[in-house]
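Residue numbers for the sequence shown, in the working numbering: 58 to 308. Even for Gly, the Cβ is constructed at its ideal location relative to N, Cα and C. Below is one structure, written out as C-alpha cells; the observations come after it.
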Amino acid sequence: MRKQLIAGNWKMNTTIPESLELIHQLKERVSSSCPAEVALIPPFTSLSVAAAALRGTGIQLGAQNLSHLAGGAVTGEISGAMLVSVGCRYVLIGHSERRKLFQENDALIHLKLKMALSEGLWPILCVGESWEEREAGQARDVIKNQLEKSWNHFTPMEMRKTTIAYEPVWAIGTGKNAQPEQAQDIHEHIRALVDSQFGAELAQEVRIIYGGSVTPENSSSLLIQPDIDGALVGGASLEANSFYAIIEAVH
Ligand code: 13P
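Following this line, the structure appears as C-alpha cells:
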C-alpha cells in the first residue's frame with residue numbers, strides 16, 4: 058500500500074523569517090496521525106533552520122536541486138553530502154524550470170539521480186510534456202523518453218527509493234491543472250513503464266505524484282485517482298491554509 062506524499066516546493070520564495078513563519082503555522086496543523094507523508098522543500102538558505110524547526114514533527118525536508126559532482130572546486134553548487142548533513146531526505150531532480158532555464162538535459166539528470174542515491178537521498182524525479190508536445194499527441198513518448206534516459210542502469214533498489222512526479226509543463230504556475238482523467242492516464246502509463254523495466258511488484262510500490270496548479274479546490278479529484286500517489290505543490294504550498302487543505306484531501 059503506497060502512502061501518499063504531499064510535498065511543497067517553495068521554489069525561489071521565502072527568506073529565513075518567512076520560512077520559519079510558514080513552518081510554524083503548518084506544524085500546528087499537521088499531526089502525527091496524518092494519513093499522508095508531508096515534505097517541505099524550501100530554498101537552500103532555509104534548509105538549516107527548517108531542519109531544526111521540523112525536528113520531531115514527522116514532516117520531511119527536501120532540497121530543490123543538487124550538484125551531479127561530489128565536491129571540490131565547483132563554485133556555487135551544493136553537494137548531496139551537504140544536503141544529507143543538513144537533514145534532507147528528498148531532493149527534486151529534473152524540475153521543468155531547471156530543464157528550461159538552466160538547460161538541464163536527461164544525461165545530467167541521470168548523473169544527479171545517481172549522485173543523490175549514492176549519498177542516501179531519495180530523489181523526486183520530475184517529468185512532463187509541453188503544451189505543444191501534448192497537442193501533437195507526443196505526451197506519452199516524451200515521458201517514456203525522459204524516464205528511460207533517467208533510470209538508465211538503475212538497480213531495483215534505486216528505483217524503489219525514487220518518487221516520480223508527473224508535472225505537465227503547461228500546468229505549472231498557470232492555474233490550468235491537468236484534468237484528473239488526463240493525469241491518471243499518464244500516471245498509469247508511467248506505472249506500466251516501471252512494470253516493463255523493473256517488474257510488477259516494484260511498479261506497485263513506486264510512488265507517482267502529480268504537480269501543476271494543485272489547489273485545495275482540485276486536490277481531492279486528483280488524489281482520488283488510483284495511480285496518483287500524492288502531489289507536488291508549488292504556489293499553494295506558500296500559504297499554510299491552502300497547503301494544509303491539500304494535505305487534508307488525502308484519505
Ligand atoms: P504550481 O503548483 O505553482 O503550479 O507549481 C507546480 C510545481 O512546479 C511544483 O514543483
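With DSSP as the reference, identify every bridge partner of isoleucine 150, one or two as the case may be. What you label residue 150 is simply residue 93 of the sequence shown in a count that begins at 1. Partner residues in the beta bridge of isoleucine 150, as assigned by DSSP, are Leu182.
Just the C-alpha distance for leucine 83 and tyrosine 147, rounded to the nearest angstrom, thanks. Looking up residue 83 in the sequence shown gives position 26. Looking up residue 147 in the sequence shown gives position 90. Cα-Cα distance, rounded: 19 Å.
If I measure Cβ to Cβ from aspartate 286 and keep anything under 7 Å in the same chain, skipping five residues before and after, which residues do I get? Taking the sequence shown and counting its residues from 1, one reaches residue 286 at position 229. Cβ neighbours of aspartate 286 within its own chain (closer than 7 Å, five residues either side excluded): Arg59, Gln61, Leu62, Arg264, Ile265, Ile266.
Just to confirm my understanding: we take leucine 77, look at its own chain, exclude 5 residues before and 5 after, and list those with CB closer than 7 Å. What are they? Numbered from its first residue, the sequence shown carries residue 77 at position 20. When the five nearest sequence neighbours on each side are left out, the beta carbons in the same chain lying within less than 7 Å of the beta carbon of leucine 77 are those of Val106, Ala110, in order along the chain.
Terminal residues of the beta strand (DSSP E) in which glutamate 296 lies: Reading the sequence shown from its first residue, position 239 is the one you call residue 296. Segment: none, glutamate 296 is in no beta strand (DSSP E) and carries neither H nor E.
Around the Cβ of histidine 152, are there at least 16 other Cβ atoms within 10 angstroms (buried) or fewer (exposed)? Counted from its first residue, the sequence shown places residue 152 at position 95. Histidine 152 is buried by the Cβ-count criterion.
Using only alpha-carbon positions, find the residue among Ser277, Gly133, Phe255 that is nearest to methionine 216. As a first step, residue 216 is located in the sequence shown; it is residue number 159 there, counting from the start. Per the C-alpha coordinates, the member of Ser277, Gly133, Phe255 positioned closest to methionine 216 is Phe255.
Beta carbon of alanine 240, beta carbon of serine 270: below 8 Å? Residue numbering aside, residue 240 sits at position 183 when the sequence shown is read from its first letter. Residue numbering aside, residue 270 sits at position 213 when the sequence shown is read from its first letter. At the C-beta level, alanine 240 and serine 270 stay beyond 8 Å of one another.
Per DSSP, which residues does glycine 232 bridge with? Please list them. Within the sequence shown, the letter at position 175 stands for residue 232. Paired residue(s): none; glycine 232 is not in a bridge.
Beta strand (DSSP E) segment containing leucine 289, residue limits: Mapped onto the sequence shown, residue 289 falls at position 232. Residues 287 to 290.
Exposed or buried, which one is alanine 222 when buried takes at least 16 other CB atoms within 10 Å? Walking along the sequence shown from the start, residue 222 turns up at place 165. Label assigned to alanine 222: buried.
My assumption, with CB atoms under 8 Å, is that leucine 259 sits in contact with proline 213. Please give the rounded CB distance. Residue 259 sits at position 202 when you count from the first residue of the sequence shown. Residue 213 sits at position 156 when you count from the first residue of the sequence shown. So it is a contact: roughly 6 Å between Cβ atoms.
So if DSSP puts valine 143 in a beta bridge, which residue, or which two residues, is it bridged to? For the purposes of this step, residue 143 is taken as the residue at position 86 of the sequence shown. Per DSSP, none; premise fails for valine 143.
Own chain residues within Cβ distance below 7 Å of lysine 233, not counting five before or after: Position 176 of the sequence shown holds residue 233. Once the five neighbours on either side are set aside, the close Cβ partners of lysine 233 are Trp227, Ser270.
Could you tell me if arginine 112 is buried or exposed, where buried requires 16 or more neighbouring beta carbons within 10 angstroms of its beta carbon? The count along the sequence shown starts at 1 and reaches residue 112 at position 55. Classification of arginine 112: exposed, given that the 10 Å Cβ count is below 16.
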